[in-house]
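The next block holds one structure in the form of structure tokens; read it before the comments.
Protein chains in written order, with the working numbering: chain A, 1 to 380; chain B, 1 to 380.
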């Protein structure tokens with residue numbers, strides 16, 4: 001590992017922004033002109049690096065379109081550019097991020113159907129298939145890869161097979177999974193895969209990106225409902241002169257280029273997946289020892305973020321628990337599932353198994369301060 | 001001055017991203033959680049600091065809404081949130097950024113009328129008034145403060161008087177002027193004033209902001225045409241829990257907080273205006289000595305960015321000129337006006353009169369390399 005963290009800041013066990021390496025942040029200590037050849041080369045490095053991570057290339061017919069803003073901006077850009085006025089979007093939903101995609105379609109007046117699943121279980125490809133057979137007017141299908149609401153991993157390859165066999169176009173929100181899970185967008189039949197700079201590639205927030213099958217991207221031409229979130233125009237601009245259409249987040253982009261170098265040094269997505277897997281295993285074992293139960297059954301739980309149920313103990317108050325950890329330098333995340341009281345702990349970012357141990361010690365101490373007794377739970 | 005630049009990078013004589021201080025960039029060497037109290041305090045500092053710069057406060061009925069993305073994102077958020085389905089926008093246009101506002105309205109299907117002026121002269125308040133009298137269906141008026149296309153300053157107070165007397169709502173794109181020119185948004189009758197983090201406050205790109213009269217902002221409720229660019233929802237989210245609705249550019253925001261501190265240390269907007277004024281005077285005098293003519297008459301030229309006509313000499317090629325300066329460490333900007341061959345030189349960012357001198361020496365050297373002879377022009 002060539003890079004370490006800046007000492008002093010709290011560690012972020014969240015879905016992002018994440019803890020990043022000192023060297024990633026130091027890459028921002030420069031001011032490059034947005035049209036300068038050095039900056040244009042950085043954009044090109046980032047665009048081609050992302051294709052490589054996705055297992056594809058321009059030769060194979062894929063393109064990367066970076067877009068200013070948070071991940072949701074890129075999701076909105078894809079949905080509002082890809083689905084034509086006469087189209088209809090099916091969203092397979094098992095959490096808040098799936099719901100958000102449906103909401104985006106609604107705001108734009110795009111016909112949308114929601115296929116709902118429990119927040120604790122993955123989307124079922126058969127149900128998607130049945131939906132597509134029942135409604136020929138559906139033109140696009142959208143799904144979240146890792147539902148950050150709960151931590152459930154959805155079967156993107158299996159759903160992709162069903163979507164493409166049904167002759168539809170496939171949009172995947174891989175916000176919190178891309179870079180953490182080996183993935184080939186072509187094998188998974190994805191037309192538009194969206195993720196963000198401040199997730200598992202371990203950059204800083206400021207832009208997001210869509211990895212697009214070129215033909216699908218070209219078909220967006222003239223369909224966008226806004227100026228800044230026009231995915232195809234953004235791509236055409238980049239192709240024409242290598243530049244973002246509007247002022248790019250130059251510093252965040254330089255940080256991201258450095259993050260891609262460090263991902264490569266870690267052994268690529270496989271190497272990173274191994275570290276995150278170790279982090280996650282350490283977390284699960286430790287939390288089980290302390291008596292915490294997971295919300296998602298182990299077979300559906302991804303290595304990105306884990307939802308833990310509040311302990312049954314009356315003495316547990318989430319705010320006190322959160323503050324106790326925060327004071328010790330550990331930032332966790334509130335829950336987001338609708339039908340259970342949970343909090344969430346992420347395993348991603350520049351965190352190592354030793355950090356999970358430190359967090360677990362802090363959890364034990366905080367429980368003791370709150371007068372809670374650890375009750376060992378079985379690791380499933 | 002407590003802060004200096006990082007040595008090594010080229011100096012940016014552009015409309016932005018700009019050269020920033022080393023300390024502004026160093027403020028990004030941290031990873032804060034987006035919901036952490038320290039980060040929420042930074043958001044609050046930025047929001048209230050911006051109101052102060054605009055000469056207003058929450059008590060006076062004004063609000064700051066920061067929004068992820070470039071300045072154009074915030075312009076689109078304002079236009080597509082503020083103008084209702086039954087409304088009509090008048091855009092007073094004397095350059096590409098005014099045209100862009102009209103384009104945004106068109107993309108959203110908002111009724112729009114364009115009142116055009118020459119790129120070398122300011123918008124005329126009387127013409128705006130006549131337009132408003134002739135068309136009672138106009139509900140909103142939009143104008144650019146400093147038209148970065150040319151460098152012309154538009155009379156925002158005079159146009160504001162006409163707009164408000166006519167009972168219309170007033171939107172100002174002050175992207176490249178805010179922070180560089182003393183301004184009171186209440187005196188200028190502005191309902192929505194938009195600028196960006198990477199302009200004259202000398203932060204880094206990653207977000208923009210709108211300073212809004214609260215009543216006008218409240219009237220946007222439910223009118224937005226997109227999810228992420230919903231200005232009123234962004235404000236409501238900030239008011240509810242102090243957070244951005246979607247992942248904020250944490251690092252860019254920390255840089256901006258530092259930039260606000262450094263602006264204060266420089267003597268606020270007055271102090272900065274004085275430095276930019278000195279930069280601009282030094283530039284004009286030096287370029288005139290070298291024989292360059294300005295595109296905009298002196299009485300309409302702002303201190304932000306200046307368009308210079310290509311020399312009449314046949315030996316002048318802009319690409320060679322640009323490259324010559326670039327190799328010497330000076331980044332200038334191509335022209336953008338439609339009816340004359342120009343290039344542009346900015347006077348903003350962490351630049352000092354000595355930097356203008358260095359640039360002027362490099363211009364003289366580059367001209368010599370190109371076999372061009374300086375022909376002194378009169379400073380008007």
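Just so you know, even glycine gets a beta-carbon here, dropped at the ideal spot from N, CA and C.
Query                                                                                                                                                                       : Result
By how many angstroms is the C-alpha of residue 14(A) removed from the C-alpha of residue 75(B)?                                                                            : 31 Å
The beta strand (DSSP E) with residue 211(B) in it runs from where to where?                                                                                                : 207-213
Do we get a CB-CB distance below 8 Å when we pair residue 98(A) with the residues of chain B?                                                                               : no
Quick check: the stretch 166-180 of chain B against the stretch 20-38 of chain B, are there 3 or more CB pairs under 8 Å?                                                   : no
When the cut-off is 8 Å and only beta carbons count, does residue 26(B) lie next to chain A?                                                                                : yes
Jot down the residue ranges of each uninterrupted beta strand (DSSP E) in the stretch 125-175 of chain A, minimum 3 residues, whole runs only, in chain order.              : 140-144, 169-173
How many whole angstroms separate the CB atoms of residue 27(A) and residue 275(A), which I take to be in contact at a CB cut-off of 8 Å?                                   : That belief does not hold up - the Cβ atoms of residue 27(A) and residue 275(A) are roughly 21 Å apart, past 8 Å.
Quick one, are the C-beta atoms of residue 186(B) and residue 55(B) less than 8 Å apart?                                                                                    : yes
Quick one: list the residues of chain B neighbouring residue 86(A), beta-carbon separation under 8 Å, in chain order.                                                       : Neighbours of residue 86(A) on chain B: none; closest Cβ ~17 Å, over 8 Å.
What is the DSSP secondary structure of residue 373(A), reduced to helix, strand or coil?                                                                                   : coil
If you check the beta carbons only, do residue 198(A) and residue 147(A) fall under 8 Å apart?                                                                              : no
Please look up how many angstroms separate the CB atoms of residue 307(B) and residue 295(B), rounded, as I've assumed it's under 8 Å.                                      : 4 Å
Within 8 Å of any Cβ in chain A, is that where the Cβ of residue 241(B) sits?                                                                                               : no
For a cutoff of 8 Å on Cβ pairs, would you count residue 258(B) as touching chain A?                                                                                        : no
When the Cβ atoms of the stretch 356-370 of chain B are set against those of the stretch 41-56 of chain A, are three or more pairs found closer than 8 Å?                   : no
How would you call residue 241(B), buried or exposed, if buried means at least 16 neighbouring beta carbons within 10 angstroms?                                            : exposed
The stretch 181-206 of chain B: which residues have C-beta closer than 8 Å to a C-beta of chain A, in chain order?                                                          : 196, 198, 204, 205, 206
Starting from residue 276(B), follow the alpha helix (DSSP H) in both directions and report where the run begins and ends.                                                  : 268-289
With a threshold of 8 Å between beta-carbons, can residue 179(B) be considered close to chain A, or not?                                                                    : no
Ordered along the chain, which non-local residues of its own chain (more than five positions away) have a Cβ less than 6 Å from that of residue 111(B)?                     : 88
Suppose contacts are defined by Cβ-Cβ distances below 8 Å. Is residue 202(A) in contact with residue 349(A) by that definition?                                             : yes
Taking a Cβ distance cut-off of 8 Å, strictly less, list which residues of the stretch 99-111 of chain B are near chain A, in chain order.                                  : 100, 103, 104, 107, 108
Please name the residue, chosen from 135(A), 325(A), 341(A), that lies closest to residue 369(A) on a Cα-to-Cα basis.                                                       : 325(A)
Output the distance between the C-alpha atoms of residue 1(A) and residue 136(A), rounded to the nearest integer angstrom.                                                  : The predicted position of residue 1(A) is uncertain, since its pLDDT is 43 and thus under 50; a value taken from the coordinates is nonetheless stated next. In a straight line, the C-alpha of residue 1(A) is about 51 Å away from that of residue 136(A).
List the whole-angstrom C-beta distance separating residue 192(A) from residue 216(A), where the pair is believed to meet the contact cut-off of C-beta under 8 Å.          : 7 Å
Look at the Cβ atom of residue 31(B), then the Cβ atom of residue 230(A), and state whether they are nearer than 8 Å.                                                       : no
Is the Cβ of residue 9(A) closer than 8 Å to any Cβ of chain B?                                                                                                             : yes
Check residue 71(B) in the structure and name its three-state DSSP category.                                                                                                : helix
Counting Cβ pairs closer than 8 Å, one from the stretch 170-185 of chain A and one from the stretch 253-270 of chain A, do we hit at least three?                           : yes
What does the alpha-carbon distance come out to for the pair residue 374(B) and residue 359(B)?                                                                             : 15 Å
For residue 353(A), I'd like the list of residues in its chain whose CB is within less than 7 Å of its CB, leaving aside the five on either flank, ordered along the chain. : 278, 279, 282
Would you say residue 238(B) reaches chain A, if we count a Cβ-Cβ gap shorter than 8 Å as a contact?                                                                        : no
Going by the CB atoms, is the gap between residue 355(B) and residue 12(B) shorter than 8 Å?                                                                                : no
Is it the case that the Cβ atoms of residue 156(B) and residue 190(B) are separated by a distance below 8 Å?                                                                : yes
Taking only three categories from DSSP, how would you classify residue 2(B)?                                                                                                : Because residue 2(B) sits at a pLDDT of 43, beneath the cut-off of 50, its placement in the model cannot be relied upon, and the point is left open.
The alpha helix (DSSP H) spanning residue 264(A) covers which residue range?                                                                                                : 250-265
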